[in-house]
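To convert, note that position 108 of the sequence shown is 108 in our numbering; the numbers rise steadily by one, no gaps. Step one of this worksheet: look at the structure below.
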Amino acid sequence: HDTRRGRAAQPVMGVRGWPAQLGVAASLGVLLAMGWYFWAKLASKDGDLQAIREQKNAQLQTYHDAWVSFERAGLRGIVELHDFGNGVGVRLSPHNNASHDEPQTSGTRGAVPNSTLLFSFPGSLAVDLLSASGPLAQQLKQDITSGRITPLTACLGLFLAERRADEASPLAAFWRAVPDRQWHKENGIFSIPDYEFNLTAFGTTMEHWKTQAVEATNAAWTYLSEQPAFQEPHLSIDEVRWAYMLVHSHGIGHGNARRGGVVVEPAFMAPVLFMRPTPEERDAVRILWNDTTSRYEVYANEDTKPGEELYAHSPLLSDASLLAYRGLWYPSRHRMQVTLNLTDTLNRPNISSATVEAMRRHGCIDDSNQLSFWIKMIDKKQKIPPVLLSCMRLLAVADTPNKYGVLERKNWFGAWPITRHINQQNEAQAAQTAKALLDVLFDQLMSVNVEIREKLGKKTTGDIPSMQVRMAEVEMLVSLITSMKDLEAIASNQVMYEAYHVMMLEEWKKKHGTHTPHPSLTTAADASADHTNATDTTGGGEGSVLGDAKAEAVKNNGVDLAKSS
1 HDTRRGRAAQ PVMGVRGWPA QLGVAASLGV LLAMGWYFWA KLASKDGDLQ
51 AIREQKNAQL QTYHDAWVSF ERAGLRGIVE LHDFGNGVGV RLSPHNNASH
101 DEPQTSGTRG AVPNSTLLFS FPGSLAVDLL SASGPLAQQL KQDITSGRIT
151 PLTACLGLFL AERRADEASP LAAFWRAVPD RQWHKENGIF SIPDYEFNLT
201 AFGTTMEHWK TQAVEATNAA WTYLSEQPAF QEPHLSIDEV RWAYMLVHSH
251 GIGHGNARRG GVVVEPAFMA PVLFMRPTPE ERDAVRILWN DTTSRYEVYA
301 NEDTKPGEEL YAHSPLLSDA SLLAYRGLWY PSRHRMQVTL NLTDTLNRPN
351 ISSATVEAMR RHGCIDDSNQ LSFWIKMIDK KQKIPPVLLS CMRLLAVADT
401 PNKYGVLERK NWFGAWPITR HINQQNEAQA AQTAKALLDV LFDQLMSVNV
451 EIREKLGKKT TGDIPSMQVR MAEVEMLVSL ITSMKDLEAI ASNQVMYEAY
501 HVMMLEEWKK KHGTHTPHPS LTTAADASAD HTNATDTTGG GEGSVLGDAK
551 AEAVKNNGVD LAKSS
């Protein structure tokens, strides 16, 4: 839990702020293996608590042994492995006495400030082409350069080669802490029959994942089987699929923050794998490569108190990735990626080329004229993604000559992706366009419902795990469509819009005071925009700002809500 950001205190089952209540297993507090997998087998279906406790203790000892082996191999810092009761993770040492060789700066009350070096480790504790050497690594680098293989195939090859190394390997103890090579047969994407997965995943975030997984592992297996390192014993497809699951669930991407060498993704870093993941970059540590010392360095991304847990960034973490690569799912907290195709909308006559270019520059459209963003739902409450509203507002003025220049001069883009209202008509049109684009996705999801009932109707959602993801994504999409419908109704009614406008301004003042925090928020309408983007909105408006605005309009102006809506 995170009280500093005002989030409700609650158990974290594997992911920061995203508890996964997984039936009996979670209720007994035995979600093990770095907080991500529950691969310790229960002693009996009746729940032999003593046996479960013994299994948990044995698993914890395995993790501890692996961490000690990392320290012997050169891991240095001011962090430690810790059992948080709902999973194992890494935290800043509560003693924080800088007993290691790492530099440390003392902060207020023992906290270390942002950008403090928390720990570092040698390349031998990672599976990464940048730090890899030897004949296999050289061959993999050469074949990536020639285009024969992908970086993923190379990472799988190095991963599997390390797994086959003898007990002298720095990673030997780590392999005893990960699931065995048969785990994927009963968990995750390879455990679900192709026809079931492809049908239930149609229209969802993971629509093509099974096909991609099969093709990628087959290609890697074919290539790696030719390499001398995998002749004795001969490499099996099950080994490749096992590696594919772990690399996808725990692989680390460096992005633009990486120093030194060519960025090769994904990388597999053993010490970081004990850190529980978060989809929010601001909550995660930063991982850099130091060419001078040939070590990975892990930095704090915010001020951190002694004893506070540290998290690894996992930007693609969602219901879909959790099921596909970790064999779990969320019951009450959900996250999905939405992709809207704006091609037909941008083909309207009189579209301003300057505005279209601005949309591309600000990430509203890619080369295929698609807008991608993440939405999440927590206990039935959902936030309207700022980038969605901002891009729709920009799109709503795309056919107005010189409007983009006016917005730019007024610093409308100054706090992007948070933007202010342009006017009431623009807000109504933005909501209407967003709803229409989201309706297309919803129709696509619904288009296979009949086929699902016909082919899978006798099975329950428990029999088809991928249905869990489908149901969650439908719920999130319906909630967002409802929010856009509510916003359109409010923006289309003068009285409700004014009430909504005033309410947002008051909320802003209450939260930030009377001083303007950013040059893009300089008027009453401006101030309301940021809070619009950051406020919970739920289907039907109950408990939401949109719903409150309707209620306020009724209270103060006697509006007949049924007629005005």
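Quick reminder that beta carbons are idealized off the backbone N, C-alpha and C, glycines included. None of the values given here were measured: they were computed from a predicted structure.
Inset, instruction - Kindly confirm or deny that the segment 476-488 and the segment 424-433 touch, where touching means at least three C-beta pairs closer than 8 Å. - result: yes
Inset, instruction - Spatial neighbours of aspartate 379 within its chain, please: CB distance less than 6 Å, with the 5 preceding and 5 following residues excluded, ordered by chain position. - result: Ser332
Inset, instruction - Determine, using beta carbons only, whether leucine 125 and proline 170 come nearer to each other than 8 Å. - result: yes
Inset, instruction - Compare the beta carbon distance of lysine 376 and arginine 335 with 8 Å and say whether it is the shorter of the two. - result: yes
Legend entry - Alpha-carbon to alpha-carbon, valine 247 and proline 277: In a straight line, the C-alpha of proline 277 is about 14 Å away from that of valine 247.
Inset, instruction - Would you kindly report the start and end of the unbroken alpha helix (DSSP H) that includes glutamine 227? - result: Element bounds for glutamine 227: n/a, residue is neither H nor E.
Legend entry - Whole-angstrom distance between lysine 381 and methionine 467, CA atom to CA atom: 21 Å
Inset, instruction - May I ask you to report which of helix, strand or coil DSSP gives tyrosine 299? - result: strand
Inset, instruction - Please go through the same chain and pick out, in chain order, the residues whose beta-carbon is closer than 7 Å to the beta-carbon of serine 115, but skip the five residues on each side of it. - result: Tyr299 and Ala300
Legend entry - Simplified DSSP state of threonine 532, which is helix, strand or coil: Confidence at threonine 532 is low in this model, with a pLDDT of 37, below 50, so the placement of that residue should be treated as unreliable; the coordinate-derived value is given next. Here threonine 532 sits in helix by DSSP.
Inset, instruction - Could you round the C-beta distance between glycine 188 and tyrosine 325 to whole angstroms and report it? I think they count as a contact, below 8 Å. - result: 6 Å
Inset, instruction - Would you mind giving the Cβ-Cβ distance between threonine 204 and glutamate 475, rounded to the nearest angstrom? I have them listed as a contact below 8 Å. - result: Contact doesn't hold; Cβ gap of about 12 Å is too wide.
Inset, instruction - Return no unless some Cβ of chain C is closer than 8 Å to the Cβ of aspartate 344. - result: The chain inventory of the structure shown lacks chain C, comprising one protein chain alone.
Legend entry - alanine 589, DSSP secondary structure in three states: Lying outside 1 to 565, the shown extent of the chain, residue 589 is not represented and no answer is given.
Legend entry - Minimum length 3: unbroken beta strand (DSSP E) runs contained in the segment 332-385: 333-341, 370-378 and 381-383
Legend entry - Residues sharing a beta bridge with valine 127, DSSP: Phe268
Inset, instruction - Assuming leucine 310 and valine 90 form a contact by the criterion Cβ under 8 Å, report the distance between their Cβ atoms to the nearest whole angstrom. - result: 5 Å
Inset, instruction - Can you say whether lysine 185 is buried or exposed, counting buried as having 16 or more other CB atoms within 10 angstroms of its CB? - result: exposed
Inset, instruction - Let me know if valine 68 comes out buried or exposed under the rule of 16 or more other beta-carbons within 10 Å of its beta-carbon. - result: exposed
Legend entry - isoleucine 144 versus glutamine 182 - alpha carbon distance: 29 Å
Inset, instruction - Just the C-alpha distance for arginine 258 and arginine 361, rounded to the nearest angstrom, thanks. - result: Residue placement at arginine 258 is poorly supported in this model, since its pLDDT is 38, which falls under 50; the coordinates are not used for a value here.
Inset, instruction - Could you have a look at proline 122 and say whether DSSP puts it in helix, strand or coil? - result: strand
Inset, instruction - Name the two residues that bound the continuous beta strand (DSSP E) containing threonine 400. - result: Where threonine 400 is concerned, there is no enclosing beta strand (DSSP E), given that its DSSP letter is neither H nor E.
Inset, instruction - Measure the alpha-carbon distance for alanine 229 versus glycine 157 and round it to whole angstroms. - result: 9 Å
Inset, instruction - Could you check which residue in Met392, Pro151 and Leu317 has the C-alpha nearest to that of glutamate 280? - result: Leu317
Inset, instruction - Have a look at Arg176, Gly85 and Ala161 and flag the residue whose alpha-carbon is nearest the alpha-carbon of aspartate 65. - result: Arg176
Inset, instruction - Flag this pair as yes or no: are the beta carbons of glycine 123 and serine 294 separated by less than 8 Å? - result: yes
Legend entry - For valine 88, the three-state DSSP class (helix, strand or coil): strand
Legend entry - Nearest candidate by alpha-carbon position, reference threonine 217, set Thr153, Ser146 and Phe121: Thr153
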